[in-house]
Amino acid sequence: MICLRCGYCCDHLDVMIVDPRAIRADGTIDPQRTSAMVSKPSDTRCPHLEFRDGMAACTIHELACYQGSPCQLFVQFGPEDDICILGGYFRSIRTPDDPA
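Going by numbering that gives the first Met the number 0, the first residue of the sequence shown is number 0, and it counts up by one from there.
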């Protein structure tokens, strides 16, 4: 899938994310945290999401704590070289509060 960098998945999907309070300065998970993952409800913006020049960007994408996370492992059905179908769907139902 080719991500459209719209940020809609990060806003609209109900998913477990890396707890921002569990991330150490070196980008790893604090082993003292009893739970490194927290629930991000649908229609709640992910705290790791920011927009740069109108494009969605994950602030932890390059950190060690992102590896193996549900976000990193997310896949959808369809050809690898085709554009994201979820982005198109979320665009069709977007509200005035949505980004982009």
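Virtual Cβ for every residue (Gly too), placed ideally from N, Cα, C.
None of the values given here were measured: they were computed from a predicted structure.
A residue is called buried when at least 16 other Cβ atoms come within 10 angstroms of its Cβ; A63 does not meet this threshold and is exposed.
C83: not part of any beta strand (DSSP E); DSSP gives it neither H nor E.
If you keep only unbroken alpha helix (DSSP H) runs of at least 4 residues inside the region 7-33, you get 7-11. Measuring C-alpha to C-alpha distances from P69 to each of I92, G53, M36 identifies M36 as the nearest. Cβ-Cβ distances below 7 Å link S38 to M15 in the same chain, with the five nearest sequence neighbours on each side left out; the list follows chain order. Of the candidates R93, F50, Q71, S91, Q71 places its Cα closest to the Cα of M0.
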